[in-house]
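What follows is one structure encoded as structure tokens, with my remarks underneath.
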Amino acid sequence: MKVEIKDTNDTRKVATVAFEPQEVAAEEKKVLQLFSKHAKIPGFRPGKAPDQVIRSRFADGIKEEWSNRLATAARDAILEQDDLRVHQLLKIEPGEIIAEAPVEVVITLDAEPPFELPDYEGFTVEVTSDDPSSEEVENLLESWRQQRADFAIVERPAEKGDFVKCSYDGLVDDKPIGDLVPDKPIYGKQANTWEEAGAENGVGVPIIIESILGMKAGDKNTYQTEFPADFEESRLAGKSATYELEVHEVRHKNLPELDDPKFLQAMEVDKVEALRERAETEAKTQKERSNATAKRRQVRDQLLAGVDFELPQADLESETQEIFRAMVDANLRRGAAQEQLESHKDEMFTRAGEDARESIKLRIILSRVAEKEKIEVSREELSQAIATQAMMAGTDPREHFKEMQQDRAKLAHLQQQVLFDKTLALLTEKATVEIKENDEGSEEENEA
Amino acid sequence: MSQPVEILLDSVLTEKATQQAANLNQYVFRVHPKANRNSIKLAVQETFSVTVRRVNVLIRKPKVKRDRFRRNNLSVKSGMKKAIVTLKEGDKIDLL
Chain P
105 MKVEIKDTND TRKVATVAFE PQEVAAEEKK VLQLFSKHAK IPGFRPGKAP DQVIRSRFAD
165 GIKEEWSNRL ATAARDAILE QDDLRVHQLL KIEPGEIIAE APVEVVITLD AEPPFELPDY
225 EGFTVEVTSD DPSSEEVENL LESWRQQRAD FAIVERPAEK GDFVKCSYDG LVDDKPIGDL
285 VPDKPIYGKQ ANTWEEAGAE NGVGVPIIIE SILGMKAGDK NTYQTEFPAD FEESRLAGKS
345 ATYELEVHEV RHKNLPELDD PKFLQAMEVD KVEALRERAE TEAKTQKERS NATAKRRQVR
405 DQLLAGVDFE LPQADLESET QEIFRAMVDA NLRRGAAQEQ LESHKDEMFT RAGEDARESI
465 KLRIILSRVA EKEKIEVSRE ELSQAIATQA MMAGTDPREH FKEMQQDRAK LAHLQQQVLF
525 DKTLALLTEK ATVEIKENDE GSEEENEA
Chain V
62 MSQPVEILLD SVLTEKATQQ AANLNQYVFR VHPKANRNSI KLAVQETFSV TVRRVNVLIR
122 KPKVKRDRFR RNNLSVKSGM KKAIVTLKEG DKIDLL
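Keeping their order, the protein sequence lines are chains P and V. Add 104 to the 1-based position in the first sequence for our numbering, that's all there is to it. Add 61 to the 1-based position in the second sequence for our numbering, that's all there is to it.
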């Protein structure tokens, strides 16, 4: 058997595996033995029919099996090549098989490109200190107060920060806005909806949010507005609208005091000091988690920036398609209209391509690092990953385990994922950590 | 019934027949019930361009059997006339 490899480009290669006549004959003999053992031919006991009879009876099947065996042998020969890191076999074309003649099998494949691993032990990552600042603790306490706020009904006119139950109906050129933007009912007609009076950067119709300030329960009014030219909903941009607004209820948001006994009981502490301690502990845990994520992200970015190489084309195409499909599904689930998705199709596809590029590049680099560092996935780690997956999907871990065992491709994919996570964790551990001041850190984390 | 095609109805392809062909240069045919050794010899010589040394003939009588595919009802396994033809050394017939 002779293997010859020709490069189409850095990643695409065409390999030709040539089999000698003796090798071809040997494969044929094995196939004939296989057929003879199982063939039922009248007049012959199983395994006793002569080769000629088998050949004449099962010519097509023998040829097919013979061809498959040669293709498999060729594939195995390619995969055994040390200097060729095969990514994906794209096409296997066995040549014409004639007895006692050489046969060539042509295989088109994508291989990993040659590249030098960057120095992955010299990364530096910048994170803030795990200890939370007093501002962060106060923010956490404030968010707990917000979560446990109560809303008391008031008879007075609504003030900024109050929550108002109202109904409204909008018209543009005497036509209901709901007909213009049926996929976004928030701009058209709403009944008994809650709005925060005077909210800045609120979601919804700006005129409604502003107008409910000063209105009390039972008030009705009509308002004119003009949507700005750069309004987020392009179908309404630059249009004049009339809204009929009715307020049903005004509620004032009361935040509990930190020393409020009910609040302390709800937080399962008995003193303010204990509450502060708990806030510090939780803020620290949150910071540690976010710092860990930031470190991994920075290591990942430096790894990607450290080296450049061509990516296997077939992989890139299929990954882009998969990411694009996932994007479309996610948007449809969020309620996006088909027309909207069509209009942003190109943009989404470009973004999917960029994400695919990063993902494949990272996978290739991490697999090389894992090989160099001899990182492996143990059975326990794999079982743990399956159990975690089952928990996130809300299924029985034993059922999920059985399902994974039956689907080898899924199991291999999960194993690869665990390996890459492990490798990235190792690189993050090896990185040098620089602690930034809390102020800079919190700004960057907010941006992240 | 003088044409070889009317005399030689079929070749018999069984384990024993292939062994006879391989080891003893004998070939087995199913022949017309009225064919005799001479006509069989001539038919084989004409059809395959070989020289026949000897012809042995046997008649398998019809047998009554129970057919398990027809509710064990009685059926007849048909009889046949078989000719075992021995060729001259060096001659061969490729039946496959």
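By construction, the Cβ of each residue, glycine as well, lies at the ideal position given by its N, Cα and C atoms.
>> Can you find the residues in the same chain that come closer than 6 Å, C-beta to C-beta, to P:E544, ignoring five residues on each side of it along the sequence?
In response: Counted from its first residue, the first sequence places residue 544 of chain P at position 440. Model confidence at P:E544 stands at a pLDDT of 47, short of 50, so the residue's coordinates are unreliable and nothing is read from them.
>> Tell me the rounded alpha-carbon separation between P:V376 and P:A370.
In response: On the first sequence, position 272 is the one that residue 376 of chain P refers to. On the first sequence, position 266 is the one that residue 370 of chain P refers to. Answer to the nearest angstrom: the Cα atoms are 13 Å apart.
> Can you name, in chain order, every residue of its own chain whose Cβ lies under 8 Å from the Cβ of P:E549, other than the five neighbours on each side?
Replying inline: Position 445 of the first sequence, counting from 1, holds the residue named residue 549 of chain P. Caution is warranted here: a pLDDT of 45 is assigned to P:E549, below 50, making its placement in the model unreliable, and the coordinate value is therefore given only provisionally. Leaving aside the five residues that flank P:E549 on each side, the residues in its chain whose CB is nearer than 8 Å to its CB run, in chain order, T232, S394, A398.
> Which residue's Cα is closest to the Cα of V:V92: V:I154, V:V116, V:L135?
Replying inline: Working through the second sequence from its first residue, we reach residue 92 of chain V at position 31. Considering only V:I154, V:V116, V:L135, the residue with the shortest C-alpha distance to V:V92 is V:V116.
>> Just to confirm, is the Cβ distance from P:V207 to P:A130 under 9 Å?
In response: Numbered from its first residue, the first sequence carries residue 207 of chain P at position 103. Numbered from its first residue, the first sequence carries residue 130 of chain P at position 26. In this structure, P:V207 keeps its C-beta atom at 9 Å or more from the C-beta atom of P:A130.
> In chain order, what residues of the same chain have a beta carbon less than 6 Å from the beta carbon of P:V210, not counting five sequence neighbours either side?
Replying inline: Here the question's residue 210 of chain P lines up with position 106 in the first sequence. Once the five neighbours on either side are set aside, the close Cβ partners of P:V210 are T120, E197.
> Name the chain V residues whose beta carbon is nearer than 8 Å to that of P:R116?
Replying inline: As a working note, residue 116 of chain P is residue 12 in the first sequence. Ordered by position in chain V, no residue passes the 8 Å Cβ test against P:R116, which lies about 47 Å from the chain.
>> Cβ closer than 9 Å: which chain V residues qualify as neighbours of P:G147?
In response: Along the first sequence, read from residue 1 onward, the residue named residue 147 of chain P stands at position 43. What P:G147 touches in chain V: V73, L74, T75, E76, K77, A78, T79.
> Listed from N- to C-terminal order along the chain, which residues in the region 143-172 of chain P have their beta-carbon within a distance smaller than 7 Å of any beta-carbon of chain V?
Replying inline: The region 143-172 of chain P vs chain V, Cβ under 7 Å: G147, F148, R149, K152, P154, Q156, V157, S160.
> Is the beta carbon of P:G457 sitting closer than 9 Å to the one on P:D287?
Replying inline: For the purposes of this step, residue 457 of chain P is taken as the residue at position 353 of the first sequence. For the purposes of this step, residue 287 of chain P is taken as the residue at position 183 of the first sequence. No, these two residues do not count as a Cβ contact at 9 Å.
> Going by DSSP, what residues sit across from V:L119 in a beta bridge?
Replying inline: To locate residue 119 of chain V, count along the second sequence from 1; it is residue 58. DSSP output for V:L119 lists V:K143 as bridge partner(s).
>> Using C-beta distances below 7 Å, list every residue in its chain close to P:T212, excluding the 5 sequence neighbours before and after it, in chain order.
In response: Working through the first sequence from its first residue, we reach residue 212 of chain P at position 108. Within the same chain, P:T212 has close Cβ partners V118, L194, K195.
> Taking just the CA atoms, how far does P:E421 sit from P:E242?
Replying inline: Locating residue 242 of chain P in the first sequence gives position 138, counting from the first residue. Locating residue 421 of chain P in the first sequence gives position 317, counting from the first residue. Answer to the nearest angstrom: the Cα atoms are 48 Å apart.
> What first and last residue would you give for the alpha helix (DSSP H) that runs through P:N395?
Replying inline: To locate residue 395 of chain P, count along the first sequence from 1; it is residue 291. Where P:N395 is concerned, the enclosing alpha helix (DSSP H) starts and stops at 376-409.
> Among V:G140, V:I154, V:R98, which one has its Cα closest to the Cα of V:K126?
Replying inline: Residue numbering aside, residue 126 of chain V sits at position 65 when the second sequence is read from its first letter. The option with the nearest alpha carbon to V:K126 is V:G140.
>> With H, G and I counted as helix, E and B as strand and the rest as coil, what does DSSP make of P:R437?
In response: Here residue 437 of chain P is taken as the residue at index 333 of the first sequence, counted from 1. Helix at P:R437.
> Where DSSP assigns a beta bridge to P:L213, which residues make up the other side?
Replying inline: Position 109 of the first sequence holds residue 213 of chain P. According to DSSP, which records beta bridges pairwise, P:L213 is partnered with P:K117, P:L193.
>> Please report the distance separating the alpha-carbon of P:P222 from that of P:E216.
In response: Here residue 222 of chain P refers to the residue found at position 118 when the first sequence is read from its first residue. Here residue 216 of chain P refers to the residue found at position 112 when the first sequence is read from its first residue. When rounded, the distance between both Cα atoms is 16 Å.
> How many angstroms separate the CA atom of P:L486 from the CA atom of P:V522?
Replying inline: Locating residue 486 of chain P in the first sequence gives position 382, counting from the first residue. Locating residue 522 of chain P in the first sequence gives position 418, counting from the first residue. Going from the Cα of P:L486 to the Cα of P:V522 covers about 7 Å.
> Could you give the distance in angstroms between the alpha-carbon of P:I490 and the alpha-carbon of P:H504?
Replying inline: As a first step, residue 490 of chain P must be located in the first sequence, where it is residue number 386. As a first step, residue 504 of chain P must be located in the first sequence, where it is residue number 400. So the alpha carbons of these two residues sit roughly 7 Å apart.
> What is the DSSP secondary structure of P:I202, counted as helix, strand or coil?
Replying inline: Looking up residue 202 of chain P in the first sequence gives position 98. Here P:I202 carries a coil assignment [DSSP, helix/strand/coil].
>> Quick check on P:Y224: does DSSP put it in helix, strand or coil?
In response: Taking the first residue of the first sequence as position 1, residue 224 of chain P is located at position 120. Of the three classes helix, strand and coil, the one that applies to P:Y224 here is coil, per DSSP.
> Mapping DSSP to helix, strand and coil, what is P:D234?
Replying inline: As a working note, residue 234 of chain P is residue 130 in the first sequence. In the displayed model, P:D234 falls within coil according to three-state DSSP, outside both helix and strand.
> For chain P, is any of its Cβ atoms less than 9 Å away from the one on V:A83?
Replying inline: Within the second sequence, numbered from 1, the residue matching residue 83 of chain V stands at position 22. Cβ-Cβ to chain P under 9 Å: yes for V:A83.
>> By the DSSP assignment, the alpha helix (DSSP H) with P:F453 in it spans what residues?
In response: Numbered from 1 along the first sequence, position 349 holds the residue referred to as residue 453 of chain P. Run containing P:F453: 449-477, per the alpha helix (DSSP H) assignment.
> Would you report the Cα separation of P:R252 and P:V373, rounded to the nearest angstrom?
Replying inline: If you number the first sequence from 1, residue 252 of chain P lands on position 148. If you number the first sequence from 1, residue 373 of chain P lands on position 269. Whole-angstrom Cα-Cα distance: 15 Å.
> In chain order, what residues of the same chain have a beta carbon less than 8 Å from the beta carbon of P:E462, not counting five sequence neighbours either side?
Replying inline: Stepping through the first sequence from its first residue, residue 462 of chain P is reached at position 358. The answer, listed in chain order, is L408.
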